[in-house]
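*Asks:* Residue numbers (the UniProt record's numbering): 1 to 419.
Backbone N, C-alpha and C define an ideal beta-carbon position, used for all residues, glycine too.
Because the structure is a prediction, the values reported are computed rather than measured.
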């Protein structure tokens, strides 16, 4: 499902995490025919908004004293509702189009401006780690992800080098991904066309090229710091094939047949700076972590993210972890709440000057969000655990159709390893 794919992928693992994976290397004398199997389940829910069920399996082991492999399989289901981008229905100007799950949906987004979705995703990834030298390793990975309306295939190659005292690890990686984007019927709407005209093209394609440089420093036996820089360029189809925008006056009175499909630029270049510090408190085994992420791109969707958590072990089998996150982003340079027209001088759409690129997607608007919560972990065995995570997130939007909102969300996950 294109409208939430990025958010969900971020929640259950991104390609950058593969690039940064610090896989353990087999030590001398270790049997390299031992394999570990991990099974997991994750439930994510924001009441009255989104529900995600994720089933995960991972197998990893050593192929030789210098080679290891990790295989992962993920299946998830997603249901909920997302803003369409159009003004809520006001009794005129509406039309009907195929929704995310293939059903029929009002172009005005119904009375609430929300569109329901129901989708599934199957993803597979593989990572091969090779030790070229005692201090040099390479990570080669590939992945494929398939949804009813989105297919992604990609891979990466990374090199890690430790200093002689292992106080520093330097990382360099490159990645390539190709995505196929379309609605459930393998079409994409003509950008800025009226929903009532039903003008469609074939599926869209997008290629993404990534490069990463990183450094990790062991400051002392209790403190670790890292710094990464990522450069990414994506070329091709970026428009969300489900998102629409209303043509309306300054009082939100919509022009007749004034509901259009959005249009986004076909190129986006991003730069990301990420740093993290982890410190273990003496004698307790508890640790504190804080991270900062700065993102800037050619869409002017610049953002700052600060996250922190404190892990406290209550006993051998019980752990609690309060966490906090604050996020702020600027609006994209083509974001508009609506396309404004003057009813005194413009009586139909042909008289309205349309921008080349425009979107009312609230994910591209200026946003400030705060999240606070707590995680509880119960170790069921040496290789198994149950995690319960509950949090409250408040989103403060600027100049959007959707209202500011506060939501509770709960994540429940199970994990079990087998040798």
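Taking C-alpha atoms, which residue in 414, 402, 416, 349 lies nearest to residue 195?
*Replies:* 349
*Asks:* Across which residues does DSSP place residue 37 in a beta bridge pair?
*Replies:* In the DSSP assignment, residue 37 is bridged to 59, 418.
*Asks:* What three-state label does DSSP hand residue 347 in the structure shown?
*Replies:* coil
*Asks:* Is the Cβ-Cβ distance between residue 44 and residue 75 less than 8 angstroms?
*Replies:* no
*Asks:* If you measure between the beta carbons of residue 138 and residue 125, is that distance less than 8 angstroms?
*Replies:* no
*Asks:* Across which residues does DSSP place residue 321 in a beta bridge pair?
*Replies:* 375
*Asks:* Helix, strand or coil for residue 407? Go by DSSP, reduced to three states.
*Replies:* strand
*Asks:* So, for residue 173: in the same chain, excluding its five sequence neighbours on each side, which residues have a beta-carbon less than 6 angstroms away from its beta-carbon?
*Replies:* 19, 156, 158, 212
*Asks:* Do residue 295 and residue 303 have their C-beta atoms closer together than 8 angstroms?
*Replies:* yes
*Asks:* Starting from the N-terminal side, write out each stretch of the beta strand (DSSP E) that is 3 residues or longer and does not extend beyond the stretch 260 to 309.
*Replies:* 267 to 280, 287 to 297
*Asks:* Can you tell me the Cα-Cα spacing of residue 322 and residue 412, whole angstroms?
*Replies:* Using only the alpha carbons, I get a separation of about 16 angstroms.
*Asks:* Using three-state DSSP, classify residue 364 as helix, strand or coil.
*Replies:* helix
*Asks:* Could you tell me whether the stretch 216 to 227 touches the stretch 259 to 276, using the rule of 3 or more Cβ pairs below 8 angstroms?
*Replies:* yes
*Asks:* So, using beta-carbon positions, are residue 261 and residue 186 closer together than 8 angstroms?
*Replies:* no
*Asks:* Within 10 angstroms of the Cβ of residue 135, are there 16 or more other Cβ atoms? Answer buried if so, exposed if not.
*Replies:* Classification of residue 135: exposed, given that the 10 Å Cβ count is below 16.
*Asks:* Output the distance between the C-alpha atoms of residue 388 and residue 375, rounded to the nearest integer angstrom.
*Replies:* So the two alpha carbons sit approximately 6 angstroms from each other.
*Asks:* What did DSSP end up calling residue 196 once you bin it into helix, strand or coil?
*Replies:* helix
*Asks:* How would you write the range of the beta strand (DSSP E) that residue 85 sits in, first residue to last?
*Replies:* Note, residue 85: premise wrong, no beta strand (DSSP E); not H, not E.
*Asks:* Taking DSSP as the reference, what is the three-state secondary structure of residue 185?
*Replies:* coil
*Asks:* CB-CB under 6 angstroms to residue 371, same chain, minus the five flanking residues each way: which ones, in chain order?
*Replies:* Only 325, 391, 393 meet the Cβ criterion.
*Asks:* According to DSSP, what are the bridge partners of residue 128?
*Replies:* 69, 140
*Asks:* Starting from the Cα of residue 238, find the closest Cα among 269, 252, 246 and give me that residue.
*Replies:* 269
*Asks:* According to the Cβ coordinates, are residue 236 and residue 207 closer than 8 angstroms?
*Replies:* Using a Cβ distance threshold of 8 angstroms, residue 236 and residue 207 count as a contacting pair.
*Asks:* Between the alpha carbons of residue 345 and residue 337, how many angstroms are there, rounded?
*Replies:* 21 angstroms
*Asks:* Would you call the CB atoms of residue 280 and residue 329 closer than 8 angstroms?
*Replies:* The Cβ-Cβ distance between residue 280 and residue 329 does not fall below 8 angstroms.
*Asks:* Can you give the Cα-Cα distance for residue 171 and residue 129, rounded to whole angstroms?
*Replies:* 14 angstroms
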